[in-house]
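Heads up: the structure comes next, in structure tokens.
There are 2 protein chains.
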Amino acid sequence: MPVKNKTWFAILGLLSWKPMSGYDIKKLVEMGLSHFWSASYGQLFPTLNRLVEEGLASRHSDLGHRKRKRHVYAITPKGRRQFERWLREPSDPPRVRNEFEFKFFLSSRLPVEESIRLLKEYRDQQRKLYDHYLESEQDLMIAVRDGTLPRELEEIFPAEPSLVENEPSGSNRNLIFFLTLRHGILAVGARLAWCEEALSALRNTRGRERRKGN
Amino acid sequence: MPVKNKTWFAILGLLSWKPMSGYDIKKLVEMGLSHFWSASYGQLFPTLNRLVEEGLASRHSDLGHRKRKRHVYAITPKGRRQFERWLREPSDPPRVRNEFEFKFFLSSRLPVEESIRLLKEYRDQQRKLYDHYLESEQDLMIAVRDGTLPRELEEIFPAEPSLVENEPSGSNRNLIFFLTLRHGILAVGARLAWCEEALSALRNTRGRERRKGN
DNA sequence: TCAGACATGTAAGTCGTTACATGATTCA
DNA sequence: TGAATCATGTAACGACTTACATGTCTGA
Chain A
0 MPVKNKTWFA ILGLLSWKPM SGYDIKKLVE MGLSHFWSAS YGQLFPTLNR LVEEGLASRH
60 SDLGHRKRKR HVYAITPKGR RQFERWLREP SDPPRVRNEF EFKFFLSSRL PVEESIRLLK
120 EYRDQQRKLY DHYLESEQDL MIAVRDGTLP RELEEIFPAE PSLVENEPSG SNRNLIFFLT
180 LRHGILAVGA RLAWCEEALS ALRNTRGRER RKGN
Chain B
0 MPVKNKTWFA ILGLLSWKPM SGYDIKKLVE MGLSHFWSAS YGQLFPTLNR LVEEGLASRH
60 SDLGHRKRKR HVYAITPKGR RQFERWLREP SDPPRVRNEF EFKFFLSSRL PVEESIRLLK
120 EYRDQQRKLY DHYLESEQDL MIAVRDGTLP RELEEIFPAE PSLVENEPSG SNRNLIFFLT
180 LRHGILAVGA RLAWCEEALS ALRNTRGRER RKGN
């Protein structure tokens, strides 16, 4: 019985973009998708093999320009049909697991100074992530303006979008990649805004305590 | 060998607030913590029992005001020490799994109208959630102004904060609950803002196609 | 030459959900 | 009286991570 979980369709969906190896998929996900998805090799390779068994993907040995033996997987028409059916189905609500936020929620017993330290640590992490996203956004915008593509994307976006089988609108793909990036930027931006809000609220508390002599 | 995963400490942390039953914990998490944490009974009850075995929590049978037999778990001093150590440790980065976002990323082969339909569905879901959070925020602010507490919180917040053993700052807890709520509001707000951005970008695409005669 | 990236995979174990089983109490 | 909620738990399964194992190629 084929297992048809989210990861199954997610991988199928990535293959619908272009044929890729397991390693390619891992890199792509790490590079630009990690703010809403992730996958480990322990899922990736077995799932790819099962997709082939089910006839939803085909495996090709590629000894091409890289001179390294690798398995490239391509989606089959059957796989494409299943993928497109999944695409139109309603999605599960977003699931977030934010360990810091939980700790913050439980930190009322900590001295305020300690909470502030933890909060700043979190803010700095998120700030780094934010800067990284903004940089990617700049790269992408410059590239679109110049009609080129940033190096990391050259492999992902076909140079000639119309070559992609049945693609209704080639430039749409650029837009969608851009919007996906924007989603990450806005999400992390909201976390940063919250950090500032929380920091100033906690500092007020500390001020009040000092004035009361605590 | 005791298992010490995140859920373990999360539950310990909730018990550090006040003694609770497994059922109480489930309700509390569903009520106000679900935008950054969740737990199922299948984890909750076994974990509570293991906490007792390890001496980090104690179990009491409560036949009190509710006239229903229930198991109330209280944190022990040993449990409190472990919890506070965990509280100061660095946190894992937030993990998000957003199925809709992934689908959107992969939707370039869908007709734009279809993408817009999916996007609106998502926006409406998030809008509902947002309104719900705003309502909770209003309730909490009114309650704080009047010196009362909203019904759902009466059981969670001790009426007299200073009664809580070793609590350094009673009012801090109200503030932290409020800030936790704000975190949810800002996060969902960012998703909504993104939806509008994406919708108008997609509508532009559609307009361009129409003008070109596609 | 050797570090680091490329590349593929498995085994074991953990984490977490879902479905099931059971029964009491409350309130309309 | 019967639906909803209170309340506790288990078994089976499914999802996912980590550690391990192995070897190649590239470029400083």
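Protein chains in written order, with numbering that gives the first Met the number 0: chain A, 0 to 213; chain B, 0 to 213. Heads up, the beta-carbon is just placed ideally off N, CA and C, and yes, glycines get one too.
Supposed close pair residue i, residue j - CB separation, criterion 8 Å
i: I230/A; j: T46/A; result: No information on residue 230/A is available, as it lies outside the stretch 0 to 213 that chain A covers here.
i: F99/B; j: I175/A; result: F99/B to I175/A, Cβ: 13 Å. No contact.
Contact check, residue i vs residue j, beta carbons under 9 Å
i: R202/A; j: L185/B; result: no
i: V71/B; j: S20/B; result: yes
i: E112/B; j: R181/B; result: no
i: Y121/A; j: G188/A; result: no
i: K17/B; j: L43/B; result: no
i: A200/A; j: L178/B; result: yes
Nearest-angstrom Cα separation, counted from residue j out to residue i
i: N165/A; j: S57/A; result: Unreliable placement is indicated for N165/A, whose pLDDT of 49 sits below 50; no coordinate value is reported for it.
i: H34/A; j: P92/A; result: 15 Å
i: L27/B; j: D123/B; result: 25 Å
i: Y40/B; j: E136/A; result: 42 Å
i: R67/A; j: S37/A; result: 26 Å
i: N171/B; j: S107/A; result: 6 Å
i: E159/B; j: F101/A; result: Any reading at E159/B needs caution, since the residue's pLDDT is 43, under 50, leaving its predicted position unreliable; the model's value is listed next. Near 24 Å, if we compare the C-alpha coordinates of F101/A and E159/B.
i: S15/A; j: L109/B; result: 12 Å
i: K3/A; j: V95/B; result: 20 Å
i: A134/A; j: W7/A; result: Per the sequence presented here, residue 134/A reads as Glu, with Ala not at that position. When rounded, the distance between both Cα atoms is 31 Å.
i: G54/B; j: D23/A; result: 48 Å
i: D132/B; j: R69/A; result: First, the residue type needs correcting, since residue 132/B is Tyr and not Asp in the sequence shown. Approximately 49 Å, taken between the alpha carbons.
i: C194/A; j: K119/A; result: 8 Å
i: L117/B; j: L198/A; result: 37 Å
i: I141/B; j: N97/A; result: 28 Å
i: N213/A; j: M30/A; result: Only weak support exists for where N213/A lies, its pLDDT of 40 falling under 50; the value from the coordinates is given anyway. Those two C-alpha atoms are separated by around 48 Å.
i: H59/A; j: N48/A; result: 12 Å
i: L139/A; j: G12/B; result: 43 Å
i: L62/B; j: S114/A; result: 37 Å
i: L32/A; j: G183/B; result: 22 Å
i: K127/A; j: Q125/B; result: 27 Å
i: N173/A; j: S90/A; result: 23 Å
i: K5/B; j: K5/A; result: 24 Å
i: E196/A; j: E196/B; result: 24 Å
- Query: Given a limit of 8 Å on CB to CB distance, which residues of the segment 20-37 of chain B reach chain A?
  - Reply: L32, H34, F35, W36 and S37
- Contact the segment 77-92 of chain A vs the segment 80-91 of chain B: 3+ CB pairs below 8 Å: no
- Message: Short of 7 Å Cβ to Cβ, which residues in the segment 66-78 of chain A face chain B?
- Response: none
- Query: Listed from N- to C-terminal order along the chain, which residues in the segment 43-66 of chain A have their beta-carbon within a distance smaller than 9 Å of any beta-carbon of chain B?
  - Reply: none
- Item | Residues of the segment 119-134 of chain A whose Cβ lies closer than 9 Å to any Cβ of chain B, in chain order | Closer than 9 Å at the C-beta level to chain B, one finds these residues of the segment 119-134 of chain A: E120, Y121, Q124, Q125 and L128.
- Task: Would you list, in chain order, the members of the segment 91-105 of chain B that have their beta-carbon closer than 8 Å to a beta-carbon of chain A?
- Result: Within the segment 91-105 of chain B, the qualifying residues are D91, P92, P93, R94, V95, R96, N97, E98, F99, E100, F101, K102, F103, F104 and L105.
- For the segment 1-14 of chain A, which residues have a beta carbon sitting closer than 7 Å to at least one beta carbon of chain B? K5, A9 and G12
- Using a beta-carbon distance cut-off of less than 8 Å, what residues from the segment 180-197 of chain A approach chain B? R181, H182, L185, A186, G188, A189, R190, A192, W193, E196 and A197
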